[in-house]
Amino acid sequence: MTDSTQVAVEEQDTARTGHGATVRAWLQQGLAFGSLLVLVVFFAIASDNFFTWSNISGVLLATAVIGILALGTTFVITTAGIDLSIGTGMTLCAVMTAVVAVNWGLGLVPGVLAGLAMGALMGFVNGVNVAYFKLPPFIATLAMMQVAQGLALVISDVSPIYFSEIPAFKNIALGTALGSLPNAVLIMFVLGGIAYFMLGKTQFGRFTVAIGSNEEATRLSGVNTRRWKVIIYTVAGIFTGIAGVVIASRLGSAQPQLGVGYELQAIAAVIIGGTSLLGGRGTIVGTLIGALIMSVLINGLRIMSIQTEWQYVVLGVVIAIAVLADSLRSRKGR
Amino acid sequence: MTDSTQVAVEEQDTARTGHGATVRAWLQQGLAFGSLLVLVVFFAIASDNFFTWSNISGVLLATAVIGILALGTTFVITTAGIDLSIGTGMTLCAVMTAVVAVNWGLGLVPGVLAGLAMGALMGFVNGVNVAYFKLPPFIATLAMMQVAQGLALVISDVSPIYFSEIPAFKNIALGTALGSLPNAVLIMFVLGGIAYFMLGKTQFGRFTVAIGSNEEATRLSGVNTRRWKVIIYTVAGIFTGIAGVVIASRLGSAQPQLGVGYELQAIAAVIIGGTSLLGGRGTIVGTLIGALIMSVLINGLRIMSIQTEWQYVVLGVVIAIAVLADSLRSRKGR
Amino acid sequence: GCSDSGDGGTTDGGDGGGDAGGDALQIALVSKGFQHQFWQAVEQGAQEAADELDVEVTFEGPAAETEVDAQLQMLQAAIDRSPDAIGYAALDPEACVPLYEAAEAAEIPVVEFDAGCDSDYGQNLAATDGVAAGAIAAEHMAEIIGGEGQVGIVGHSQINSTGVERRDGFVNEIEENWPDIEIVDIQYGDGDHLRSSDIAKAMIAANPDIAGLYGTNEGSAIGIVNAVNELGLAPGEITIVGFDSGSAQVGAIESGVMAGAITQDPIGIGRTVVENAVAAINGEELEEFTDTGSYWYDSSNLEDPEIAPLLYE
Amino acid sequence: MSAPLLEVEGISKSFPGVRALHDVQFHLAAGEVLVLVGENGAGKSTLMKILSGIYQRDTGAIRVDGEPVEISGPAIAQQLGISIIHQEMNLMADLTVAQNIFIGREPRVAGVLNERALNAQTGELLEQLGIGLDPRARVGDLTVATQQMVEIAKALSFNARVLIMDEPTSALTDTEVETLFGLIESLKEGGTGIIYISHRMEELKRLADRVTVLRDGEYIGDLERAEIDVPTIIEMMVGRQIDEGARPVSSEHARDEVVLDVQGLSTKALLDDVSFQLHRGEILGFAGLMGAGRTETARAIIGADPRSAGTITVHGRQVHISQPADAVRHGIGYLSEDRKAYGLMLEQDVSFNTVLASMKNFTGPLGYFFDGKARRVAQTFVDRLRTKTPSTSQQVKLLSGGNQQKVVIAKWLARDCDILIFDEPTRGIDVGAKEEIYRLLQGLAADGKSIIVISSELPEVLRLSHRIVVMAEGRITGTLANEDASQATIMDYATHLAADVTAAADHTRGAA
Ligand SMILES: Nc1ncnc2c1ncn2[C@@H]1O[C@H](COP(=O)(O)OP(=O)(O)OP(=O)(O)O)[C@@H](O)[C@H]1O
Ligand SMILES: Nc1ncnc2c1ncn2[C@@H]1O[C@H](COP(=O)(O)OP(=O)(O)OP(=O)(O)O)[C@@H](O)[C@H]1O
Ligand SMILES: [Mg+2]
Ligand SMILES: [Mg+2]
């Protein structure tokens, strides 16, 4: 009798869970990837101009900024947190880079470092507010969103700062170190690889997932959850800083009024990819796919000359459907 | 033996929980109310022009729209949900009102009803997506946010619609049925009363809190949680509809591009008031106080002619502090 | 007494003229925005005039030109501060009417800039004719591309008066006078540089033969310039016509990537509104409308004395 | 003979890959107590969830009063008069006791909730049940045991015809257990049929009119009251014999070395001058009534809750512990009594949970995590504790209650702390596995680890501990060597201070 159960159990194993979490994660991503494929095929059929190298590389470039933001925020969302400050925060980092590189005349490297440091600082403050002052992440980062927006305007003196004196700066995003793909795209994929490693293969990632699954149980297991949360938000902040540098490089300038709205796009990408807002479930590959879905969709609609107002409608519906498919699947799994 | 335990338990009870939930709720609101008072006193001292009747009534009027949105969304947040569609949704309702009342020439009452119906419909769709299709509320309402934004532009034919032919329409928000307070303010307070009653004194409210506390347990108690969630989102949608009518009346027009950003302000008001994003804890009085804090703060900074960019910074910092005080208190309470 | 600020150098403005009155006049400007270069230039002009006339101005505007409600609250707060005069640029011509009544009741004169309010109380409107400006842009575009081919528009708003006027002026001019030019697409990027460049790239991808692109404000125009740069197209391969000024546009025109652009006179607008406000305080009669003009500039006239001062950084 | 009150036949239920039930049958008469026993993962809870409408059966028939029924949801079960106390807490933490019990059935006047009537009604119910609880207390503020009482009151409030209790006593101390048994007696007299699930064998004899045994999801057999014999039942359950180990004696651990010295520990809420010493190789039992402060003592030691006074000395060095991470760093591990809230990541798999407290052992350069090693270690614990799980990659929420508990135990065994504090470690664990865990703990102690076991089961305390600390009302009222202790002496210490306090309280109340 014991034997028969065992067999049944083993069967199940290979059939469904296999390496449990792994298979589930793959299914998830498979689904998001399916949505992406459907979109690509649809647009390729609908418009001759979609599937050209120039447009594809344009789509990838358009994904870069949102993608990098989404990567960082995947960690935060996996802890059951949220980061609303990434949009304006990115702008503040871009402005910081410009102020140091151009206004202070310190040049490219110090500028970039300053931008990243600014991102780390914001993330650190967010983390301290969330972990030590127990602010709900929504509020802590909403406050930071406002502060960053204000500070970006203040330190830039409410005017764009151009990198015209540092022509090399443009290459960070638009140079082509490898083939003809813009560097920004490479940066996104490299960061994706790093994030994948961090979330899936390191202690950092384990604790990120654990905190999102059950923070109190993690704390009682002897994990210094507060310190780790600060680290997680700081890492997310560094990604924000990188996004800031990339967008500044791409635009050739720091535009202090930019940024609001990017946070929701990035968060949407993360969730479409399969990361759960309830925490405990995060996928980096999914996030990149989610970001690609968003930008393919937007690009495709533009290529097809859909009116801007209808673009909003379609975007909303597709976001819902992309996640719907996932949620229906996991309901069946029950 | 049983007796002794009984006494012990009761003692503990009175000592610690008192009237448990009630006391906590009052403390909460007391704290938010304290922050509000501090702000009012500060601005009254800092500027002679703050504490004038005209300005106070202006502040109240400015609170009305955000306040009404925040009231409706308090229910949703109490269920541990979120509603990002209230900002652009409000706009869609305003446009709907205008289309029916002005473009179709059906006049005031059908217009208002159409606006409310539109709100109810959006809420209903959100509710169905969340309850039956198991979409995360963040995504369901983010999608609706986009769709509403697009539809508002589409049905208005991308231009503001003016109510100049229906002069009475302005009175909905700006008439003064009672003393010299604008009706919009009255509407907000009356709705506040209704919401207070609904959340605290009806089964609707009880289930709202129960779902937010432990949805599964509520379901296992025999409550049709899915149906109630649809009802809750629909009610929130009706509040959105009312906000749409009020803002249209106040502006004398439906502005189809308005609305983005209102959702975050309203949600911030709700949380500042003491409602928990984790669900299970909602306070209507707190929400109104939270909305007042936001608008007093913004108005005060304007009255003091603080530069706009610094206003953002101060706003962010004050939001954080207002909630911080609460979170520190509740940490001690443990 | 209108203003309550203590005398003698409270803020930067108080240069201690020591006249009989002592306190400087207060003028509150409520604009449509503050972050864009255009509004920064308006503020600059206002500040210059204020310094010359020895008055104090405050300048504020909402974050986006969609925020009608926020702007009304700013106007309300301005009235409650009881300045000596208000300068207002209406985001919506109707919604401001009740507040104009409040200003009238408080006996605060209101002068207008950029866009007016449908109330009789406001005095003088200092603004540019956006439709005319759009038509000028269209004319130059058409001439440069030789009167035929496809063009696209990257707008900054499908609904704000500036966005609509500049687009409509352009479209009407093409439709009426240039039958061989086809407007293939109009999309809107909210003046966001990044979004505008992605839109421009998509337009170019969708219409490989496109001959010209028109951006209706600074962000839209720079977005197009960035797109063309990113695609590695040679300067002039696609004719770009922009709007407004700023160092990036001037740079793009100098390098030949952009054919030319329309500039308004925001500094002039700022100056005019302050001068008119002071005149209104003094009870002078004001004209109904001051056209501050719009001008085509390209590499040939960048340095011209009439144009150069209009090209704010 | 009329049809039985409830009858099920041929019930099978599979989850993807797991066959939880196969052709199971049982019947229940009115006024009867049927005790359902079986190892962890035998399918007891699954069967009850089918009866209460949470799961749908794959095959088989359910008859109430001889009529076939379809129980498609919790509301239908309620209508049929079937009421259940779940194994895992299912309460709304933010609502009060009264609001929880009567959710959906609140007294209303013209649609308006009548809170006063609700509280009065609840007060009456609680009084009738002999549960001393304020109807207005917020459930989230109550201890696990009190919450369990609320669950019981809630299930009873339905006046159900069939009452299912899935391990209702696992979190209760003897006092509440007695209260509950009294209730069961009176319900029986009223004609309610009761299905009772428990791993506590001593309860069988007290309660059962009949015992039904399940093993690996299959029906094994029924025993009438007269036939009930614990060893026989255990053999039917586990398919082999379990011999109970002997009680230890305090002198068994000869080593006098003090590894943990707690002095004057107090907290704002409850604890008052708690002092004790734990020796190397010793198992120190903590006994006491519900709310005596044992859990609070443990939480205060490891820094999970703030202390108001007291020093903690580990291996002769006074240590500063302000959060659990500090405690673990000093070699103190704490297994919480509430596995769902404080012990497990339900969404994660067995391996994830097992290694969480000992991440250092699996972490290499750059923070690289050795997943393969973690899985191997997790598998060894699955084998050692006989955890019933298809693999180490099964999500913990899909395991049965007892097997979840084994995963929490594995987590602390993997960490290999010098000092282990186990709070109700065998909650919901079946007899066979329990004995294995006892041996495991004794083995650890023999290897020189020091262990504190907090338990509400006196037999367990006596079975395990070298010495026994008894607490009451936040104070230590006695410390006994095992050979001096009996259930009676422990109860004596556990209540005598309470009596004093009661007298004092009555006094002040009289004065006020
Ligand atoms: N939702 C589910 N998905 C997959 N497997 C499940 C699920 N629920 C239960 N199981 C499995 O079904 C079997 C029976 O579980 P059940 O909870 O009924 O056991 P039990 O007899 O109540 O055990 P315990 O005494 O430990 O509570 C177990 O192997 C368990 O892992
Ligand atoms: N979070 C808390 N805040 C304040 N008091 C609490 C809290 N948790 C528990 N208590 C109270 O502290 C007392 C001691 O509870 P504790 O859990 O330590 O007792 P215990 O001896 O472990 O008993 P059991 O776990 O069986 O209830 C109880 O009266 C309980 O009501
Ligand atoms: Mg069970
Ligand atoms: Mg305990």
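Protein chains in written order, with the numbering used here: chain A, 4 to 337; chain B, 4 to 337; chain C, 1004 to 1316; chain D, 33 to 544. Idealized CB from N, CA, C, for every residue including glycine.
Based on the DSSP secondary-structure assignment, which residues constitute the bridge partners of residue i?
i: Trp56 (chain B); result: Answer by DSSP bridge pairing: none, since Trp56 (chain B) is not bridged.
i: Leu255 (chain D); result: D:Val243
i: Ser1297 (chain C); result: C:Gln1267
i: Thr58 (chain D); result: It should be noted that the sequence gives Phe, not Thr, for residue 58 (chain D). Paired residues: D:Val40.
i: Phe1246 (chain C); result: C:Ile1265
i: Met322 (chain D); result: DSSP, once it has assigned bridges, lists no residue as partnering Met322 (chain D).
Excluding the five sequence neighbours on either side, which residues of its own chain have a C-beta within less than 6 Å of the C-beta of residue i, listed in chain order?
i: Gly365 (chain D); result: Trp444, Arg447, Cys449, Leu452
i: Thr527 (chain D); result: none
i: Ser1034 (chain C); result: Trp1042, Gly1064, Ala1092
i: Leu321 (chain D); result: Thr205, Thr207, Ala526
i: Val10 (chain A); result: Bear in mind that a pLDDT of 33 at Val10 (chain A), under 50, signals an unreliable position, so the model cannot answer this.
i: Ala336 (chain D); result: Pro356
Any heavy atom of ligand 1 closer than 7 Å to the beta-carbon of residue i?
i: Val270 (chain D); result: no
i: Asn435 (chain D); result: yes
i: Ala203 (chain D); result: no
i: Ser77 (chain D); result: yes
i: Ala410 (chain D); result: no
i: Phe192 (chain A); result: no
i: Ala83 (chain B); result: no
i: Leu431 (chain D); result: yes
Leaving out five residues on either side along the sequence, give the residues of the same chain with a beta carbon under 7 Å from the beta carbon of residue i.
i: Gln268 (chain A); result: Ile69, Met297
i: Thr290 (chain A); result: Ala73, Leu74, Thr77, Ala272, Val273, Gly276, Thr278
i: Gly1020 (chain C); result: Residue placement at Gly1020 (chain C) is poorly supported in this model, since its pLDDT is 36, which falls under 50; the coordinates are not used for a value here.
What in chain D is Cβ-close to residue i, meaning under 7 Å?
i: Lys204 (chain B); result: Val144, Leu145
i: Arg284 (chain B); result: Asp126
For residue i, which residues in chain B fall below 7 Å Cβ to Cβ?
i: Thr1219 (chain C); result: Under the 7 Å cutoff, chain B gives no residues; its nearest Cβ is about 15 Å from Thr1219 (chain C).
What do you reckon, is the C-beta of residue i under 7 Å from a heavy atom of ligand 3?
i: Asp248 (chain D); result: no
i: Asp198 (chain D); result: yes
i: Ser556 (chain D); result: The structure shown does not extend to residue 556 (chain D), since chain D is modelled only from 33 through 544, so no value can be given for it.
i: Arg119 (chain D); result: One detail in the question is off: residue 119 (chain D) reads as Gln in this sequence, not Arg. The answer is yes for Gln119 (chain D).
In chain D, what lies closer than 8 Å to residue i by C-beta?
i: Leu223 (chain A); result: Ile334, Ala336, Pro356, Tyr366, Ser368, Tyr374, Gly375
For residue i, return the contacting residues in chain C, with the cut-off set at a CB-CB distance below 9 Å.
i: Ala156 (chain A); result: Checking the displayed sequence, the identity of residue 156 (chain A) turns out to be Leu instead of Ala. Near Leu156 (chain A) (Cβ distances below 9 Å), the residues of chain C are Phe1037, Gln1038.
Can you give me the Cβ contacts of residue i inside the same chain, cut-off strictly under 8 Å, excluding the 5 residues immediately before and after it?
i: Leu189 (chain A); result: Ala180, Leu181
i: Leu119 (chain A); result: Cys96, Ile241, Gly244, Ile245, Val248
Going along chain A in order, which residues have a C-beta closer than 7 Å to the C-beta of residue i?
i: Leu318 (chain B); result: Gln149
i: Glu379 (chain D); result: Ser216, Gly283, Arg284
Against residue i, what residues of chain B qualify as contacts under a CB-to-CB distance less than 8 Å, listed in chain order?
i: Arg136 (chain D); result: The residue asked about is misnamed: residue 136 (chain D) is Gly in this sequence, not Arg. Those within 8 Å of Gly136 (chain D) in chain B are Gln206, Phe210, Ser224, Gly225, Val226.
What does residue i reach in chain A if we use C-beta pairs closer than 8 Å?
i: Phe401 (chain D); result: Lys204, Thr205, Gln206, Gly208, Arg209
If contacts are defined as beta-carbon pairs under 8 Å, then residue i and residue j qualify, I think. What distance do you get, rounded to the angstrom?
i: Pro185 (chain B); j: Ser60 (chain B); result: 7 Å
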